[in-house]
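J.: Here it is, the structure in full.
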Amino acid sequence: MVAVGIWAFRPKSAATRLYALSGVATMVNTLTLAIYGDREFVLSGDVFAVVSAVNHLATLMVNASLVSLFWVYPRPLARFPVPALMICIALIMWVLSELQVGESAQVTVYLPIVVGYVLGLCFAAAQWVASKGRPLERAALKWCVLAIFLGSVLLMGLVIIPPAFGHPPLVPLLVGFGAYLILYLGIAAGLVRYRLFDIERWWFKTWLWFAGGLMVLVLDAILIMGVGLTSTYALTLSLAIAGWLYFPLRQWLWDRFGQRSSISLNEALRELVDKLFSASTEAEVRRAWPDLLRMTFQPLSLEMPDAPDKKAAVAVSADGVLMELPALPGDTRRASLEFASNGARLFTKEDMRVANLLYDLTGKALQALQARDAGAKKERSRIMRDLHDDLGARLLSLVYATDTGTVREVARSALRDLHGLVDTTAGTPASLLEVANGCEGEIRQRLTDSGIELDWQADPMRLSDQELSARAAANIARILREAISNIIKHANADRVEVTWSRDSDHLLVRVSDNGKGETLDGQGDGHGLRTMQVRAEDLGGRVDCRVLAEGGFVVELTLPAA
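The numbering of the sequence shown is this note's numbering, which starts it at 1369 and goes up by one.
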């Protein structure tokens, strides 16, 4: 039923056809065995001969189809029709057996099965080589190899091989056929590629288990046949020797080949700690997240797509090809990894455990940075509030108490700087129009006090839809303040024009005067120009200064439009 069901699911696959043939043949084999297995002397000779012949044919068909399965699965080894040839050879050997051609049943009954088993091992080895660099095919092959190996080793060792060498079977046939349940369920899992990510966990442990049992049997046979000990003493001594040799060897093999995930985890944790101690912002941790996954799992591809439907946990696809991690807290991009170890293997449950640990630790790191930033922001707000309340009140009192114009202007300038510093620290964003209006009020007041006319040109409709951060707003205001200060101090101008314009790519603020046209370098050491340039670069823009041909000086601030 299992074999035919798999074939019905994929009827065009050569592998499922061979699997279905082996399943039908196994059913016939089991039914005929149930008829004559324990009652040979009750059946008539003719009935026994027919049932026995059908059983023998079914056995050969099972052998031929399973051997041929490794020729075509996971991929055809060549175009040569090996499955058809194997089935023809099985039919020929059956005919020869029924005609009683040959010296004994060893040649026509048991020997073909043993030879077919050896051929199957050769085909499986060839498939192993062919699946190098194809982890999905390698994992499916492992499922089939494990199933056939465990099932057939039990059946061959207990029922088939002893008669091939002239000895009776070690267990009754019906008991030996129980091994077929392991075989068919395992092959079915391999053909439908069920839970391939689990095979990595079982593969290495199964072979270690088999090696331990084989070592005991080999040592027992050597002590009995070679040394001549009795079976009791030989078994005791072989168990002791195998224990002394096997367990150290097993541990060495496990450390050498079975600890890749723990090594990757150690490296990933070391890298994660380095990133966390060196990161000063959440953005740095988020940028390091893909690199951490890439270093830990070495995926063939890693993508960070947007994830509107957030997943709650790490997940591995049923075939083990894909592992997905949910988006980090505060992010919308999940991580999608394909084929671990540069395509050499599939993802496993151990990988899921490591990924969950890395995800949780990175999330905790982000929470720690957020808590640190929140604490720092709270402390800055407290300091700025104290400055505003104490120092601001003193400066305001100085503005209204002094009769000296110069002192009053200095106090007003300091008060404006204090307000700008408080706004910047608060981090409240503002629209471009609000920034322009704030600058206009300050500039107009300063120029009026200096007897200079202001021509202000700004289109509110073109400035209202762009939002600026508190830092950007403060830098723009300080650049304009520096430009106006230079005009008041050095230009000897009576008219200033400030123009705000914006296109799809840039914001341009132009400050020009009709003064004597000296450059800033001619006015001093150029410190003011360098300061404006640094502030503009901090916003991703630039400041250009030049003397106008008709006289005067112009400062142009160019910033990228949001």
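Backbone N, C-alpha and C define an ideal beta-carbon position, used for all residues, glycine too.
With a Cβ-Cβ cutoff of 7 Å, do residue 1859 and residue 1896 count as a contact?
T.: No.
J.: DSSP beta-bridge partners for residue 1691?
T.: In the DSSP output, where bridge partners are listed per residue, residue 1691 has 1684, 1705.
J.: Report all residues from its chain with a CB closer than 7 Å to the CB of residue 1909; omit the five preceding and five following residues, and keep chain order.
T.: Closer than 7 Å at Cβ, skipping near neighbours: 1925, 1926, 1927, 1928.
J.: So, under 8 Å CB-CB, residue 1394 and residue 1430 are touching, yes? Tell me the CB distance rounded to an integer number of Å.
T.: Yes, they are in contact, since the Cβ atoms of residue 1394 and residue 1430 sit about 5 Å apart, within 8 Å.
J.: For the beta strand (DSSP E) that residue 1921 lies in, which residues bound it at each end?
T.: Note, residue 1921: beta strand (DSSP E), 1921-1928.
J.: Exposed or buried, which one is residue 1874 when buried takes at least 16 other CB atoms within 10 Å?
T.: So residue 1874 ends up on the exposed side.
J.: Is it right to say residue 1426 is buried, meaning 16 or more other beta carbons lie within 10 angstroms of its own, or is it exposed?
T.: Per the 10 Å Cβ criterion, buried.
J.: Which partner residues does residue 1669 have in the DSSP bridge list?
T.: Residue 1669 pairs with 1706.
J.: Please state if the CB of residue 1432 and the CB of residue 1454 are separated by a distance shorter than 7 Å.
T.: Contact: yes.
J.: Distance check for residue 1706 and residue 1754, CA to CA, integer angstroms please.
T.: Answer to the nearest angstrom: the Cα atoms are 55 Å apart.
J.: Going by C-alpha distance, which of 1421, 1497, 1434 is nearest residue 1467?
T.: Minimum Cα distance to residue 1467 is reached at 1421.
J.: Residue 1675 and residue 1713: beta carbons closer than 7 Å?
T.: Not closer than 7 Å, so no.
J.: For residue 1434, count neighbouring Cβ atoms within 10 angstroms of its own Cβ and tell me buried if that reaches 16, exposed if not.
T.: Its Cβ being crowded by 16 or more others within 10 Å, residue 1434 is buried.
J.: Does DSSP classify residue 1476 as helix, strand or coil?
T.: Of the three classes helix, strand and coil, the one that applies to residue 1476 here is helix, per DSSP.
J.: Pull up the distance between the alpha-carbon of residue 1837 and that of residue 1861, whole angstroms please.
T.: Each residue's Cα considered, the two are about 33 Å apart.
J.: Which residues mark the beginning and the end of the beta strand (DSSP E) in which residue 1881 is found?
T.: 1874-1881 is the extent of the beta strand (DSSP E) around residue 1881.
J.: My output table needs one value for residue 1865: the three-state DSSP class, helix, strand or coil.
T.: Three-state result, residue 1865: strand.
J.: Going by the DSSP bridge assignment, what does residue 1824 pair with across the sheet?
T.: DSSP, once it has assigned bridges, lists 1866 as partnering residue 1824.
J.: Once you ignore the five residues that flank residue 1397 on each side, which residues in its own chain have a CB closer than 6 Å to its CB?
T.: Excluding sequence neighbours, residue 1397 sits near 1423, 1426, 1427.
J.: For residue 1829, count neighbouring C-beta atoms within 10 Å of its own C-beta (all shown protein chains included) and say buried if the count is 16 or more, exposed if not.
T.: Residue 1829 comes out exposed.
J.: Let's test the definition: count the other Cβ atoms within 10 Å of the Cβ of residue 1775 and tell me whether it reaches 16, buried, or not, exposed.
T.: Result: exposed.
J.: From residue 1510 to residue 1648, what does the alpha carbon distance come to, in whole angstroms?
T.: Using only the alpha carbons, I get a separation of about 47 Å.
J.: In whole angstroms, what is the alpha-carbon distance linking residue 1495 and residue 1716?
T.: If I take the Cα positions, the gap works out to 22 Å.
J.: Tell me the DSSP secondary structure of residue 1918 in three-state form.
T.: Coil at residue 1918, not helix or strand.
J.: Name the DSSP bridge partner or partners of residue 1466?
T.: Per DSSP, none; premise fails for residue 1466.
J.: Could you have a look at residue 1830 and say whether DSSP puts it in helix, strand or coil?
T.: Of the three classes helix, strand and coil, the one that applies to residue 1830 here is helix, per DSSP.
J.: Tell me the residue span of the alpha helix (DSSP H) that contains residue 1852.
T.: From DSSP, the alpha helix (DSSP H) with residue 1852 extends over 1838-1854.
J.: Tell me, please, which residues DSSP counts as bridged to residue 1799.
T.: Beta-bridge pairing links residue 1799 to 1835.
J.: Exposed or buried, residue 1840, counting other C-beta atoms within 10 Å across all chains shown (16 or more means buried)?
T.: When all chains shown are included, residue 1840 counts as buried.
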